[in-house]
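Line by line, the protein sequences give chains W and L. Residue 290 in the working numbering sits at position 68 of the first sequence; the count goes up by one each step and never skips. Residue 468 in the working numbering sits at position 72 of the second sequence; the count goes up by one each step and never skips. Even for Gly, the Cβ is constructed at its ideal location relative to N, Cα and C. Below is one structure; the comments refer to it alone.
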Amino acid sequence: MAGIVGYGAYIPRYRIRVEEIAKVWGADAPSYKKGLMLREKSVPAPDQDTITIAVEAAKNALKRAAIPPAKIGAVYVGSESHPYAVKPTGTAVAEAIGAIPDCHCADLEFACKAGSESMFIAFSHVKSGEMEYAMGIGADTSQGAPGDALEYSASAGGAAFIMGTKDVVATLDVQYSFMTDTPDFWRREYMHYPRHGGRFTGDLAYFKHVRGGVEGILKKSKMKPKDFRYCVFHQPNGKFPTRMGKELGFTEEQYRAGLLVPTLGNTYSGASPIGLSAILDEAKPGDRILMCSFGSGAGSDAFIFTATARLPKIQGRARKTRDYLDTNPVYLEYGAYTKFRRKILKNVED
Amino acid sequence: MITPPVVRRNTPQRYRLEANKCAKCGKVFFPPRLVCDACRGRKFAPVTLADTGKVVACTVIRTPPTGFSDLSPYCMGIVELKGGTRIQCQIADCEPERVKIGLPVTLEFRRVQEDGESGVLAYAYKAVPAR
Numbered sequence: 223m224a225g226i227v228g229y230g231a232y233i234p235r236y237r238i239r240v241e242e243i244a245k246v247w248g249a250d251a252p253s254y255k256k257g258l259m260l261r262e263k264s265v266p267a268p269d270q271d272t273i274t275i276a277v278e279a280a281k282n283a284l285k286r287a288a289i290p291p292a293k294i295g296a297v298y299v300g301s302e303s304h305p306y307a308v309k310p311t312g313t314a315v316a317e318a319i320g321a322i323p324d325c326h327c328a329d330l331e332f333a334c335k336a337g338s339e340s341m342f343i344a345f346s347h348v349k350s351g352e353m354e355y356a357m358g359i360g361a362d363t364s365q366g367a368p369g370d371a372l373e374y375s376a377s378a379g380g381a382a383f384i385m386g387t388k389d390v391v392a393t394l395d396v397q398y399s400f401m402t403d404t405p406d407f408w409r410r411e412y413m414h415y416p417r418h419g420g421r422f423t424g425d426l427a428y429f430k431h432v433r434g435g436v437e438g439i440l441k442k443s444k445m446k447p448k449d450f451r452y453c454v455f456h457q458p459n460g461k462f463p464t465r466m467g468k469e470l471g472f473t474e475e476q477y478r479a480g481l482l483v484p485t486l487g488n489t490y491s492g493a494s495p496i497g498l499s500a501i502l503d504e505a506k507p508g509d510r511i512l513m514c515s516f517g518s519g520a521g522s523d524a525f526i527f528t529a530t531a532r533l534p535k536i537q538g539r540a541r542k543t544r545d546y547l548d549t550n551p552v553y554l555e556y557g558a559y560t561k562f563r564r565k566i567l568k569n570v571e572d
Numbered sequence: 397m398i399t400p401p402v403v404r405r406n407t408p409q410r411y412r413l414e415a416n417k418c419a420k421c422g423k424v425f426f427p428p429r430l431v432c433d434a435c436r437g438r439k440f441a442p443v444t445l446a447d448t449g450k451v452v453a454c455t456v457i458r459t460p461p462t463g464f465s466d467l468s469p470y471c472m473g474i475v476e477l478k479g480g481t482r483i484q485c486q487i488a489d490c491e492p493e494r495v496k497i498g499l500p501v502t503l504e505f506r507r508v509q510e511d512g513e514s515g516v517l518a519y520a521y522k523a524v525p526a527r
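Structure, rendered in structure tokens:
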């Protein structure tokens, strides 16, 4: 049966606190912290981008899967922040992990859903028998305009999943997608930062599509929220996924393990995949997991997984997601943050 | 200046830490060589270096070359990887003053050079303090 044979995440070391951003813009930090349920976010180092994050996550997935990288037939990377406008991220990742040259690579974009769609396509290849293994990655160095509400949450990180049919650690039981054409968040060609529809991004975008994804997959699988040990939804802030979980009938116990956003921020395409990696770090055989992504534009991909007896054997083969998140973070002041994120206009160097 | 041919030529070493090992005397070379300087052997087997090690020498760069001023000050060092091979690389993700001889490090994949705003990007390994 098709499923995940290896998984891995990567989160940069640097962080910035909500208070540090709020004091620059004269905003009320406590209300942001309470309203967004967000304390701090990860920041990529100046030498990190979606390619470097995807490579580190992929290397961790390979450590866990313990398969020859040459057997990976496809590498798909979903992101809103591919370093090149024209030149693939996927080839760099495939080259770095040794999956080249017998490999199909593609970069995907669908706002924050690009990571789960890379997983969706990778699953299709192994389910059909076309490939022995395929890798799906969600990674981002998310953009948020200075002073915009997004600046408090847009962060960096990624997760990679190797799909296959042998030595599966979590079977893929059901998948379902829910889509409409909804202009809630976008970034036009040549623009540095995305724009969004403010409150329109809530009920008519995030909540409508995550609800559609979750209710659709529950109907398709004939399951109920109580049938799951864990759930993870796209997490642009802390408030949205917790409200969504409660409205759909899930409990805090079910979504706690995958809810990383209060100290990670919104890793866009990496958000729900990193949450899933944190769940896989602690899940036990037989645990059932529901994942539902969300991407503006808009749509959700939902998956139901069941952990197998093999999962505990591979959990410790690579660094765990919570360890990346909690161990020795380095906090930045806003000045260093703007330099790291290249928000300062400079003269061109000779 | 970094150019596409240079990026491509260095990819096996910089992306995957590919070295070669002399089939006759076992000496490991990184980057790979065509002739062993110990026994003059010409047959080699490919090996992949470990991605963990420790700092054995370091210095702080405060007057960087063109293209690296955003990183200043930064630390360059020699890292002895598990297995004994020594490589030179930047030691990133920490204040340069924190880098000491013996510091345990991990190699991570990083952007190491870029040809201005519109040119090619070069990636390779950098050492970061083990977390």
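### Query
Listed in chain order, which residues of the stretch 272-303 of chain W have Cβ atoms closer than 7 Å to some Cβ of chain L?
ILE273, THR274, VAL277 and GLU278
### Task
Tell whether a beta-carbon distance below 9 Å holds between SER377 of chain W and GLY360 of chain W.
9 Å or more divides the Cβ of SER377 of chain W from the Cβ of GLY360 of chain W.
### Run of the alpha helix (DSSP H) containing MET472 of chain L, from where it starts to where it stops
Unbroken run through MET472 of chain L is the beta strand (DSSP E), 470-477; no alpha helix (DSSP H).
### Query
If you run the structure through DSSP and keep just helix, strand and coil, what is HIS418 of chain W?
strand
### Message
Less than 8 Å separating the Cβ of ALA505 of chain W from some heavy atom of the ligand ZN?
### Response
Among the ligands in the structure shown, none appear at all, so the ligand ZN cannot be discussed.
### Query
Under the DSSP definition of a beta bridge, which residues are partnered with SER301 of chain W?
None, per the DSSP bridge assignment.
### Query
If you compare alpha carbons, which of W:ARG544, W:PRO323, W:SER515 and W:THR387 is closest to PRO484 of chain W?
W:ARG544
### Query
Are the C-beta atoms of CYS490 of chain L and some chain W residue less than 9 Å apart?
yes
### Query
Expressed to the nearest angstrom, what Euclidean distance is found between the alpha-carbon atoms of VAL570 of chain W and CYS485 of chain L?
Cα to Cα, the separation comes out at about 26 Å.
#### Entry: Three-state class that DSSP yields for GLU262 of chain W in the structure shown
Residue state, collapsed to three classes: strand.
### Query
Exposed or buried, LYS335 of chain W, counting other C-beta atoms within 10 Å across all chains shown (16 or more means buried)?
buried
### Task
Could you check what DSSP says for TYR306 of chain W in three-state terms: helix, strand or coil?
TYR306 of chain W sits in coil when the DSSP states are folded into three classes, being neither helix nor strand.
### Query
Given a limit of 8 Å on CB to CB distance, which residues of the stretch 504-521 of chain L reach chain W?
GLU504, PHE505, ARG506, ARG507, VAL508, GLY512, GLU513, LEU517 and TYR519
### Task
State yes or no: is the C-beta of CYS454 of chain L within less than 9 Å of the C-beta of MET472 of chain L?
yes
### Query
Do we get a CB-CB distance below 9 Å when we pair VAL432 of chain W with the residues of chain L?
no
### C-beta atoms of VAL454 of chain W and ALA479 of chain W nearer than 9 Å
yes
### Query
Span of the alpha helix (DSSP H) holding ASN406 of chain L?
In the DSSP assignment, ASN406 of chain L falls within the alpha helix (DSSP H) that extends over 400-412.
### Query
Distance, Cα to Cα, PRO551 of chain W vs LYS496 of chain L?
19 Å
#### Entry: Option nearest LYS420 of chain L by Cα separation, candidates L:PRO427, L:TYR411 and L:GLY437
Nearest C-alpha to LYS420 of chain L: L:GLY437.
### Message
Could you compute how far the alpha carbon of PHE514 of chain L sits from the alpha carbon of LYS281 of chain W?
### Response
The amino acid at residue 514 of chain L is misidentified as Phe; the sequence shows Ser. Near 28 Å, if we compare the C-alpha coordinates of LYS281 of chain W and SER514 of chain L.
### Message
Quick check on the DSSP output: the alpha helix (DSSP H) that includes ALA316 of chain W runs from which residue to which?
### Response
Here the alpha helix (DSSP H) through ALA316 of chain W covers 311-319.
### Message
Just to confirm before moving on: does the CB-CB distance between ASP406 of chain W and GLY519 of chain W stay below 9 Å?
### Response
yes
### Task
Spell out the partners DSSP gives LEU502 of chain W in its beta bridges.
Answer by DSSP bridge pairing: none, since LEU502 of chain W is not bridged.
#### Entry: Distance between beta carbons of ALA231 of chain W and SER515 of chain W, contact taken as under 8 Å
About 15 Å; that fails the 8 Å criterion.
### Query
PHE422 of chain W: buried (16+ other C-beta within 10 angstroms of its C-beta) or exposed?
exposed
### Query
On the three-state DSSP scale, how would you describe ILE233 of chain W?
DSSP places ILE233 of chain W in coil when its eight states are reduced to three.
#### Entry: Residues of the stretch 405-436 of chain L with Cβ closer than 7 Å to any Cβ of chain W, in chain order
If you check each beta-carbon in the stretch 405-436 of chain L against every beta-carbon of chain W, the ones closer than 7 Å belong to THR407, TYR411 and ARG412.
### Task
For the beta strand (DSSP E) holding GLN397 of chain W, just list the boundary residues, first then last.
392-404
### Task
Can you tell me which of W:SER301, W:VAL315, W:ASP523 and W:GLU437 puts its alpha carbon nearest to the alpha carbon of GLU278 of chain W?
W:VAL315
### Message
Given this structure, state the Cα-to-Cα distance separating ALA296 of chain W from SER491 of chain W, to the nearest angstrom.
### Response
18 Å
### Task
Go to VAL454 of chain W, then tell me how far its beta strand (DSSP E) extends in each direction, as first and last residue.
452-455
### Task
Check the DSSP bridge columns for VAL524 of chain L and list the partner residues they point to.
L:THR502
### Residues that LEU330 of chain W bridges to, as DSSP identifies them
W:GLY300
### Neighbour-count burial assignment, LEU503 of chain L, 16 or more Cβ in a 10 Å radius
buried
### Proximity to ILE289 of chain W [Cα-Cα], best of W:TYR412, W:LYS561, W:ASP271 and W:ALA321
W:ALA321
### Query
Distance, Cα to Cα, THR530 of chain W vs SER301 of chain W?
Cα atoms of THR530 of chain W and SER301 of chain W: separation of roughly 29 Å, rounded to the nearest angstrom.
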